[in-house]
Amino acid sequence: MRVTLSATARRGASPLGLGLFAAAVVVLLLFPQFVKSPYALHMMVLFFLSVIMGESWNILGGYAGQYSVGHSAYFGVGAYTTMILMTAKGIPPWFGVWVGVVVVVGVALIIGSICFRLRGPYFVLASIAVAEIMRLSAFNLKELTNGAEGILAVSVPPLTIGGTVITDFLSKVPFYYFGLGLALLTIAVTWVVEHSKLGYFFQAIREDQDAAHSLGISLTLYKNIALVISAILTSLAGSYYAVYVGFVDPNTVLPLDLSVQIVLISIIGGIGTLFGPVVGALVLVPLSEALRSNLITQAFFSMGLVSQDSKVGIFLQENLAHAHVLIYGILVVIVILFMPEGVLGFVTRLVQKITRRDA
Amino acid sequence: MAILEVKNVSKFFGGLAANSDVSFSVEQGMIMGLIGPNGAGKTTLFNCITGYYPPSRGEVTFDGRRMNGLQPDKVCKLGMARTWQKVRPLAKMSVLDNVMVGALCRTNSLKVARDVAMEQVKVVRLEHKLNFLAGGLPIGERKKLEVARVLATRPKLVLLDEIMGGLNPAESEELIQLIFDIKKDGITQVVIEHDMKAIMRISERIVVINSGEKLAEGTPAEIVATPEVVAAYLGSEH
Amino acid sequence: MIVFLQSLMSGVLIGGVYALIGIGLTIIFGVMRVINFAHGDILMIGMYLTYFLFSVFGIDPFLSVAICIPVMFAFGALTQKFFINRMLGALPQNQILLTIGLGLIMSNTIMLLFTSDYKILTTSYSSGSVDLAGISVSQPLAISFFITAAITAALYWFLMKTDIGQAIRATAQDREAAQLMGINVRWTSILAFGIGSALAGTAGALISPTYYIFPQVGSAFTLKAFVITVLGGMGSIVGATLGGIIIGVTESMSAVYISSGWKEVVVYVLFLLVLLFKPSGLMGTSRM
């Protein structure tokens with residue numbers, strides 16, 4: 127029998143933890159003042175995006191235990207709505223985003239009414255099927271989505287409030303701050319959920335649906351609340367991504383791979399915990415990028431493990447970059463087999479073990 | 047006044063009758079025992095009463111209100127709560143959190159819920175396990191947790207499904223005292239139990255179910271004196 | 004009428020291959036209650052194996068089935084032994100994630116070895132067709148249908164008549180009871196995953212002359228395999244056979260009468276309807 131490290135330990139935010147979090151936020155706020163490299167800012171944007179997606183999924187999958195493997199649907203709806211409104215109707219994204227939110231709530235409630243009648247693996251399968259229907263529809267509804275060619279936005283209109291230009295979106299800095307803001311928003315929403323009746327009910331549903339039902343919890347209502355919160359935040363991530371990249375097509379914003387990656391951020395970091403997805407993003411984004419940018423191959427060369435001109439070296443240089451998703455596969459297998467509580471849980475346990483030995 | 051009335055309730059699965067034509071009523075504040083051999087349909091009856099299955103026929107009235115077709119969460123909100131024969135702890139939540147989930151049925155405030163939960167945890171004497179994960183408790187404490195969680199929903203009536211099953215005599219005795227304490231609070235109880243001595247001691251009235259049908263009803267003394275019951279149930283058990 | 008018969012015929016032919024994919028998944032599910040999300044990726048490996056044998060050694064794709072079966076069996080059995088057997092009692096979600104992870108590893112490793120380019124395996128008969136009472140029948144599809152039928156028949160015989168087959172069926176029906184009867188469940192699971200993989204790999208070999216071959220081709224087939232097995236009833240071989248043919252026909256009919264862009268949408272909608280209204284599937288009550 128073990129004393130819990132979740133429940134109480136999690137609720138009472140320690141002053142140390144709070145301090146660390148505040149320090150991290152301050153560092154992140156000042157970051158663009160000191161680091162001007164567009165590449166570094168780009169990396170941070172990708173990191174924020176992963177945090178937003180991971181935290182959003184975590185509310186439904188981690189807390190309420192409903193393993194949706196179709197979250198690309200909400201990402202795609204947000205991305206497409208914002209882009210269509212911006213390019214076809216000239217509506218700036220900071221209005222389009224909210225239209226996306228409204229649309230995604232409707233979509234989520236329809237999906238919920240179908241999928242929440244199912245449990246376990248059947249729920250997973252249904253969530254995938256619905257997301258695939260959305261992806262294929264995006265291919266086929268050419269008048270709306272421009273089909274496989276996708277939608278390209280040439281420029282983003284500047285954000286103005288009462289005639290004053292707040293930002294023109296010409297550099298990556300405004301995107302950096304929007305990403306940081308959204309990431310903090312999703313963490314805040316998760317914190318609020320965790321510290322309210324919702325969090326208790328979500329977790330009760332995750333642990334045992336029948337027991338939860340018998341304790342007065344309406345399964346339909348609370349599953350749908352979890353889904354709607356999760357879908358809204360995911361759609362914000364989608365809109366943010368679309369405006370940042372300036373391009374959407376069915377295979378970048380609605381594929382099954384994206385749904386899987388969204389799930390893995392939480393799983394690898396630590397499912398059902400406030401900072402699990404942040405840890406997941408911290409692990410995944412750099413690793414994935416190191417593969418993509420051939421950093422790992424270069425490291426092999428500089429360590430003398432592989433010669434740059436050898437057949438293996440050329441092979442790695444040419445191909446490893448395309449296989450950055452490989453790292454997701456390997457990590458998830460390791461985590462599932464050896465660290466069922468994710469990297470965060472694993473590290474916490476390790477720290478506990480060491481401190482206990484010292485004490 | 048009868049707080050719970052079960053009228054001609056039948057439940058069919060496919061062609062098989064798990065309950066047929068069962069009727070009884072439970073007076074406010076009393077302890078009603080429900081006995082019968084394994085597979086007699088006791089738990090199915092609980093499921094019909096609490097909204098897990100709609101009864102195929104018949105009617106369940108609680109507190110003057112027809113319950114047929116209501117979902118389990120509504121049933122709980124109206125003041126009728128049940129425990130599970132096969133306990134269902136919320137494994138990865140602490141003991142306190144488990145009971146708080148029950149308390150949150152009546153309040154939106156975590157603080158209020160925590161106070162109510164603390165109170166109920168003390169009632170079942172689990173306060174030394176407050177922050178333990180429910181999944182790690184031994185069976186006796188899990189059964190107590192079930193009761194605490196149900197009491198935290200502030201019920202008028204509780205249905206206790208074999209809360210003494212699998213316990214040692216000392217633990218059973220604790221739960222018997224608990225049942226008497228619950229009665230003192232004015233909560234009506236319907237109790238399924240296999241331990242004959244215990245059920246005879248705690249029940250004011252007993253309903254005997256066999257093969258899905260009601261075989262007999264009466265005070266414990268009357269039940270022991272009914273030849274059919276002795277033949278069908280008590281005889282086979284001893 | 005000719006159009007109708009034509010699309011019915013091609014639907015049935017491709018449905019035969021789908022059945023093979025579905026049977027593989029349903030055996031794995033039946034025995035282990037694990038939903039294998041890497042199923043399509045195993046099929047994809049079968050496709051690449053066939054492509055490799057054809058382009059390097061000039062082995063005909065239909066002949067390579069004879070190599071594909073043992074190789075893919077061994078591949079599946081080893082995957083089961085080293086990864087999935089460790090997870091047999093775990094939460095279904097975690098099992099799903101494990102197989103998703105394994106699938107990602109498979110598709111990305113193939114991408115490393117063969118790049119992400121689309122490959123085409125062109126044989127002399129790839130676009131050949133036979134005229135059958137006014138209906139043209141694709142030659143490679145017709146051959147693959149007969150091979151499928153033969154393999155399915157052999158599999159039935161194996162499961163019904165041999166001791167090992169009975170052990171597999173017994174495990175599928177009741178794991179604990181099978182264990183009590185002295186059946187080594189771990190071993191049976193290894194066998195079942197091996198057979199399931201061999202079937203998926205074979206399906207990959209059979210469709211390689213008619214499909215584009217690329218590392219991500221698997222996920223579409225994984226989904227299709229689910230649709231087929233859920234439609235037929237998880238764990239039912241007869242159901243999977245029927246389900247495969249129904250899905251094949253549905254696809255080819257909707258391609259003709261609606262549009263080829265929407266044919267998969269029709270399949271997924273059908274899938275959701277089955278999940279919602281008959282979750283036990285068409286043959287849901289009978290297990291294997």
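Residue numbers (the numbering used here), protein chains in the order written: chain P, 127 to 485; chain S, 47 to 284; chain E, 4 to 291. Idealized CB from N, CA, C, for every residue including glycine.
Scanning S:Thr107, S:Tyr98 and S:Val193 for the CA closest to the CA of leucine 142 (chain S) turns up S:Val193. At least one CB atom of chain P sits nearer than 8 Å to the CB of asparagine 154 (chain S). Spatial neighbours of isoleucine 171 (chain E) in its own chain (CB-CB distance under 7 Å, excluding positions within 5 residues in sequence) are listed in chain order as Val34, Leu162, Thr191, Leu194 and Ala195. Per DSSP, reduced to three states, the secondary structure at phenylalanine 59 (chain S) is strand. Around the CB of proline 100 (chain S), fewer than 16 other CB atoms lie within 10 Å, so the residue is classed as exposed.
The C-alpha of phenylalanine 58 (chain S) is placed about 10 Å away from the C-alpha of threonine 90 (chain S).
For the stretch 340–370 of chain P, residues whose beta-carbon sits nearer than 8 Å to a beta-carbon of chain S comprise Ser340, Leu341, Gly342, Ile343, Ser344 and Leu345. Burial state of asparagine 54 (chain S) is exposed, judged by a 10 Å Cβ sphere holding fewer than 16 other Cβ atoms. With a cutoff of 8 Å on beta-carbon distance, glycine 79 (chain E) and serine 200 (chain E) are scored as near each other. Counting along the chain, threonine 199 (chain S) sits inside no alpha helix (DSSP H), nor does DSSP assign it H or E at all.
For leucine 172 (chain S), the three-state secondary structure derived from DSSP is coil.
A direct Cα-Cα distance of roughly 49 Å separates alanine 149 (chain S) from threonine 293 (chain P). If you compare the alpha carbons of P:Val282, P:Gly288 and P:Val461 with that of phenylalanine 295 (chain P), the shortest gap goes to P:Val282. Annotated as distal: valine 268 (chain E) and valine 233 (chain E), with beta-carbon spacing of 8 Å or more.
The contact set of arginine 89 (chain E) on chain P, defined by CB atoms closer than 8 Å, consists of Leu463 in chain order.
According to the DSSP assignment, arginine 128 (chain S) belongs to the beta strand (DSSP E) that extends over 126–128. Considered as a whole, the stretch 84–153 of chain E harbours 95–117 as its complete alpha helix (DSSP H) runs of no fewer than 4 residues, in chain order.
For asparagine 144 (chain S), the enclosing alpha helix (DSSP H) covers residues 141–149. Cβ neighbours of alanine 136 (chain E) within its own chain (closer than 6 Å, five residues either side excluded): none. Look at isoleucine 240 (chain E) here: in three-state DSSP terms it is helix. The C-beta of glycine 395 (chain P) has 16 or more other C-beta atoms within 10 Å across all chains shown, which makes the residue buried.
Residue E:Gly221 holds the alpha-carbon nearest to the alpha-carbon of aspartate 383 (chain P) among E:Ile249, E:Gly221 and E:Asp166. The beta carbon of proline 412 (chain P) does not come within 8 Å of any beta carbon belonging to chain E, so the residue lies off that interface.
In the three-state reduction of the DSSP assignment, valine 254 (chain S) falls in the strand class. Nearest neighbour of alanine 309 (chain P) by Cα position, chosen from P:Glu444, P:Gly180 and P:Asp375, turns out to be P:Gly180. If you draw a straight line from the Cα of threonine 29 (chain E) to the Cα of glycine 398 (chain P), it is about 32 Å long. From the beta-carbon of isoleucine 393 (chain P), the residues of chain E found nearer than 7 Å are Leu100. Going by C-alpha positions, glutamate 258 (chain P) is about 33 Å away from serine 58 (chain E).
Taking every protein chain shown into account, the CB of methionine 184 (chain E) has fewer than 16 other CB atoms within 10 angstroms, so this residue is exposed. Chain P has a Cβ within less than 8 Å of the Cβ of methionine 139 (chain S).
Membership of threonine 346 (chain P) in the alpha helix (DSSP H) is indicated by the continuous run 345–371. Pairwise C-beta distances place the stretch 228–238 of chain P in contact with the stretch 197–215 of chain P, as three or more of them are shorter than 8 Å. Straight-line measurement puts the Cα of isoleucine 138 (chain E) at about 15 Å from the Cα of methionine 256 (chain E). The closest CA to that of tyrosine 303 (chain P), considering only P:Tyr370, P:Ile388 and P:Lys479, is found on P:Tyr370. In this chain, the beta strand (DSSP E) harbouring leucine 285 (chain P) covers 285–287. In the structure shown, phenylalanine 160 (chain P) falls within a helical segment according to DSSP collapsed to helix, strand and coil.
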